[in-house]
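Asks: The structure's right below; bear with me while I get my questions together.
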Amino acid sequence: MKRISIVSAALLLVLAGVGYANRGVLSAWGYEIFLSDKVESSFANSYKPLSDRPATSETKVEEPFSMLLMGVDARAKERGRSDTLIYTVVRPKDGNVLMVSIPRDTYADIVGKEKQDKITHAYAFGGPEMAVNSVEKLLDAKIDHYASINFQGFVKVVDTLGGIHLPIGKDIVNKGADHEKFTVKANKDSYSGVEALNYVRYREDAGGDMARTNRNRVFIEELIHKASSLQQWNKIPEVLDIVGDNFLTDLPPASMSDLAKQFLQTGHEIQSYTLKGEGKRMGKQNLWYFIADEDDLNTVRSTISAWLNPDTPVSELTVPGNENGSNHSELTGNPSL
Numbered sequence: 005m006k007r008i009s010i011v012s013a014a015l016l017l018v019l020a021g022v023g024y025a026n027r028g029v030l031s032a033w034g035y036e037i038f039l040s041d042k043v044e045s046s047f048a049n050s051y052k053p054l055s056d057r058p059a060t061s062e063t064k065v066e067e068p069f070s071m072l073l074m075g076v077d078a079r080a081k082e083r084g085r086s087d088t089l090i091y092t093v094v095r096p097k098d099g100n101v102l103m104v105s106i107p108r109d110t111y112a113d114i115v116g117k118e119k120q121d122k123i124t125h126a127y128a129f130g131g132p133e134m135a136v137n138s139v140e141k142l143l144d145a146k147i148d149h150y151a152s153i154n155f156q157g158f159v160k161v162v163d164t165l166g167g168i169h170l171p172i173g174k175d176i177v178n179k180g181a182d183h184e185k186f187t188v189k190a191n192k193d194s195y196s197g198v199e200a201l202n203y204v205r206y207r208e209d210a211g212g213d214m215a216r217t218n219r220n221r222v223f224i225e226e227l228i229h230k231a232s233s234l235q236q237w238n239k240i241p242e243v244l245d246i247v248g249d250n251f252l253t254d255l256p257p258a259s260m261s262d263l264a265k266q267f268l269q270t271g272h273e274i275q276s277y278t279l280k281g282e283g284k285r286m287g288k289q290n291l292w293y294f295i296a297d298e299d300d301l302n303t304v305r306s307t308i309s310a311w312l313n314p315d316t317p318v319s320e321l322t323v324p325g326n327e328n329g330s331n332h333s334e335l336t337g338n339p340s341l
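First residue of the sequence shown: 5, per the numbering used here; consecutive thereafter.
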């Protein structure tokens, strides 16, 4: 069984939305005819260059580049926090993608705030600029582009697709004094967008940050699974519009469209990794933080450097602890989960 992580799913939405998930029946030629213009128009208002960096003028991306993918949980009139942070390296020529997940509670320097805090707070403090700069410092690696997706948009996508399956074996009850109150019933055949979002937001289980990261992954896997089985082509433009309305990036729409066509034409592999470390309570308020392991961080930094080097052979594109290449998803033909 092939598994598509939350990271890969976010990237698929960046590249081509639901059209990508249906690539088994959508050739690059068909994409050009039916969806190329739609992708560009849907994401026209999503283009937002970082204020502290020059806007890119590129339209064709060929060399390896890095992108910070952020899943943002923002309620109305809120900037929100980046609940999901994934440092991604995309290699368009050989079709390989590296995705490094950063736990939201990672204790890190918040660049621009001159303080240390949970890295998820960087987005709330200073938007994508502060999040990008803080992750760059944590990983000691450049970030060429960013993309953020508001989870609120996924509610509409799920409902448009008619609901999704979620592996909920017992009722999920969020009832803590400081938490939003909700219940998600177990063993339902299908879950609505609001129920799916509450599944992602749930935070009262023993697994903490890592369990929530896993639920994010499961949610997106199921979303892509539903999208990949979508037979109603007339819904694809609607889904693209929803994603476009809840999406920000400094990649021009033409660049995203070009990348989508490249990935439609070639099979490719996605290798994913999550930073290692341990949780502990710290400070006067005794707050919970994730402390990244320094040895692991150094290994990840070396891995990123190798992936960004266009001369690195495909055979050497691995993730820490997986030099045999077993921790990857090979995406050729119709995706399966």
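Every residue, glycine too, gets a C-beta built ideally from N, C-alpha and C.
Classify G166 as buried or exposed, calling it buried when 16 or more other Cβ atoms lie within 10 Å of its own Cβ.
Replies: Taking the first residue of the sequence shown as 1, we reach residue 166 at position 162. G166 is exposed by the Cβ-count criterion.
Asks: DSSP state of E334, grouped into three classes?
Replies: Counting from 1 along the sequence shown, the entry for residue 334 is found at position 330. Low per-residue confidence applies at E334: pLDDT is 37, beneath 50, and the placement is therefore not dependable enough to give any value.
Asks: Considering R205, what are the terminal residues of the beta strand (DSSP E) in which it resides?
Replies: As a working mapping, residue 205 is identified with position 201 in the sequence shown. R205 -> not in any beta strand (DSSP E); alpha helix (DSSP H) instead, spanning 197 to 205.
Asks: Quick check on L142: does DSSP put it in helix, strand or coil?
Replies: The residue you call residue 142 lines up with position 138 of the sequence shown. Residue state, collapsed to three classes: helix.
Asks: In or out: N220 buried (at least 16 other Cβ within 10 Å) or exposed?
Replies: Sequence index remark: in the sequence shown, residue 220 carries index 216 (1-based). Buried: at least 16 other Cβ atoms inside 10 Å.
Asks: Quick check: D148 and F69, are their CB atoms within less than 7 Å of each other?
Replies: Within the sequence shown, numbered from 1, the residue matching residue 148 stands at position 144. Within the sequence shown, numbered from 1, the residue matching residue 69 stands at position 65. Cβ atoms of D148 and F69: closer than 7 Å.
Asks: Out of curiosity, what's the CA-to-CA distance linking N178 and D209?
Replies: For the purposes of this step, residue 178 is taken as the residue at position 174 of the sequence shown. For the purposes of this step, residue 209 is taken as the residue at position 205 of the sequence shown. Cα-Cα distance, rounded: 9 Å.
Asks: Please name the residue in K189, L227, E133, Y206 whose C-alpha comes closest to that of G173.
Replies: Residue 173 sits at position 169 when you count from the first residue of the sequence shown. Checking every option, the nearest Cα to that of G173 belongs to K189.
Asks: Which parts of the segment 265 to 318 are runs of the beta strand (DSSP E), unbroken and 3 residues or longer, counting only runs that do not cross its ends?
Replies: 272 to 278, 281 to 286, 291 to 296, all fully within the segment 265 to 318.
Asks: Please check the pair T92 and M103, which I expect to be a contact at CB under 8 Å, by giving their CB distance rounded to whole angstroms.
Replies: Position 88 of the sequence shown holds residue 92. Position 99 of the sequence shown holds residue 103. The pair is a contact, with the Cβ atoms about 5 Å apart (cut-off 8 Å).
Asks: Let me know if Q120 comes out buried or exposed under the rule of 16 or more other beta-carbons within 10 Å of its beta-carbon.
Replies: If you number the sequence shown from 1, residue 120 lands on position 116. Burial call: exposed.
Asks: Measure the Cβ-Cβ separation of E273 and T164 and say whether it is below 7 Å.
Replies: For the purposes of this step, residue 273 is taken as the residue at position 269 of the sequence shown. For the purposes of this step, residue 164 is taken as the residue at position 160 of the sequence shown. No. Outside cutoff.
Asks: At which residue ranges does the segment 112 to 199 contain complete beta strand (DSSP E) runs of 3 or more residues, listed in the order of the chain?
Replies: Listed in chain order, they are 119 to 122, 149 to 154, 176 to 178, 186 to 188.
Asks: Report the partner residues of S105 according to the DSSP bridge assignment.
Replies: What you label residue 105 is simply residue 101 of the sequence shown in a count that begins at 1. Note: S105 sits in a beta bridge opposite I90, T278.
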